[in-house]
DNA sequence: CCTAAAATATACCGATTGGTATTTTAACAT
DNA sequence: ATGTTAAAATACCAATCGGTATATTTTAGG
């Protein structure tokens, strides 16, 4: 890893939580230099513009979240338990212990969908990948007879994502973890009902 | 209504969709003057600062949405049908025909929760009111024997809000109304299962 | 119709925005 | 150790930011 690559990573690591909290328009170059301790010249020596930093920051935030989920999923045996890993994972970045500022998928989707086509494209891809991953898991569960054959994999995937992201919005806004527990209890019942 | 009141309303009407789409930091005073055709002097003659415009714009967007919901709810007889009005209402501002930019509750919650305490306070209040309204509806349904007595009204309220808001995020981002239908079909089944 | 007050426009302010050209410093291979 | 290249800092840019003081226009009451 060259010096430039190290610096690039350093900038992304330090600014990723800021973009996640303040959004694209709300994050200034001053925020970026303050968080890194670097000067504007150094930032622009490693990135063409603010957009490139924001896009890299989203990739970083997304990878951070999805790698945690993948790791937790691989620890689970049954399909149902795999579908329920979000219950424990997401709690961590509602209280800010992981991915400061909440879920980057939700934040960036709302931030970018009407304002930043490039960023929107990245989130769109992330959501569709997420949906397909859950859907395939459901298909596997149906093949294994763990889940009923009349389940619609895509519908289940979308419903889970909606409950998780909606739940994060509510819990983060209200700063009430009890709300998260109640919503996730509903999700549990929903998944239990699949087979 | 005085001239100033008219102008105030006019400014709010014209800028509300902009704040809903671009967020607080993303909406500039230039956006505001461009949307209204007024000058900066006129804006600041009617509002103390940008914050006041943003707060008034949120109130406007919120009232716009909630009055539509209230109207639709009053047309429904059963509790279950009342709980399902979101299915038809929210479709309208996913495609932009109402409240351009999507749901103001969701947008403002994500936009403001880490950045704008005053705005956050308003959304927080709106979400708690919404939750209480649905919970009371469920209590009524239990009293009427339409819903089972073992239902947790607060949990049901939170679950419905999460599914609706999560569903809006997904459908708006992907611009896919079929996704909305699938998620709302899950909501329908959920509400049907309440009694 | 005239006048006082209210409302809007004009012209300006310092600070900050994203971005760049240039200089200085640090890294690294020979 | 030195020369070369890469990386970071400095100093600057025009444009835009939110906001204000003042001038002009509009409104409304007598």
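Residue numbers (this note's numbering), protein chains in the order written: chain A, 8 to 202; chain G, 8 to 202.
All residues carry an ideal CB built from backbone N, CA and C; glycine is no exception.
>> Quick check: the Cα distance between residue 127 (chain G) and residue 133 (chain G), rounded to an integer number of angstroms?
In response: 10 Å
> I think residue 217 (chain G) touches residue 98 (chain G), with their Cβ atoms under 8 Å apart; what is that distance to the nearest whole Å?
Replying inline: Residue 217 (chain G) lies beyond the residue range present for chain G, which begins at 8 and ends at 202; the question has no answer from this structure.
>> Beta carbons nearer than 8 Å to chain G: which residues of the region 113-124 of chain A have them?
In response: 113, 114, 116, 117, 118, 120, 121, 122
> Where does residue 8 (chain A) sit, in a helix, a strand or coil, going by DSSP?
Replying inline: coil
> Does the beta carbon of residue 76 (chain A) sit closer than 7 Å to a beta carbon anywhere in chain G?
Replying inline: no
>> For residue 23 (chain G), tell me which candidate among G:189, G:198, G:106 has the shortest Cα-Cα distance.
In response: Per the Cα distances, G:106.
> residue 43 (chain G): beta carbon under 6 Å from a heavy atom of the ligand MN?
Replying inline: The ligand MN is not part of this structure, which contains no ligands at all.
> Quick one: any contact between the region 26-42 of chain A and the region 73-87 of chain A, if contact means 3 or more CB pairs under 8 Å?
Replying inline: no
> Would you say the region 163-175 of chain A touches the region 132-147 of chain G, given that touching needs at least three Cβ pairs under 8 Å?
Replying inline: no
> Taking the alpha-carbon positions, what's the residue 157 (chain G) to residue 189 (chain G) distance?
Replying inline: C-alpha separation (whole angstroms): 27 Å.
> Once you ignore the five residues that flank residue 67 (chain A) on each side, which residues in its own chain have a CB closer than 8 Å to its CB?
Replying inline: Answer for residue 67 (chain A): 19, 20, 23, listed in chain order.
>> Helix, strand or coil, according to DSSP, for residue 77 (chain A) in the structure here?
In response: helix
> How close, in whole Å, do the beta carbons of residue 130 (chain G) and residue 112 (chain G) come, if the pair is a contact with beta carbons under 8 Å?
Replying inline: 6 Å
> In whole angstroms, what separates the C-alpha of residue 33 (chain A) from that of residue 201 (chain G)?
Replying inline: Going by the C-alpha atoms only, they are around 43 Å apart.
>> Any C-beta of chain G within less than 9 Å: which residues of the region 127-157 of chain A qualify?
In response: 127, 130, 131, 134, 135, 138
>> Out of A:31, A:43, A:120, which one is the CA nearest neighbour of residue 13 (chain A)?
In response: Residue 13 (chain A) has its Cα closest to that of A:43, out of A:31, A:43, A:120.
>> Using 7 Å as the threshold, is the C-beta distance between residue 30 (chain G) and residue 172 (chain A) below it?
In response: no
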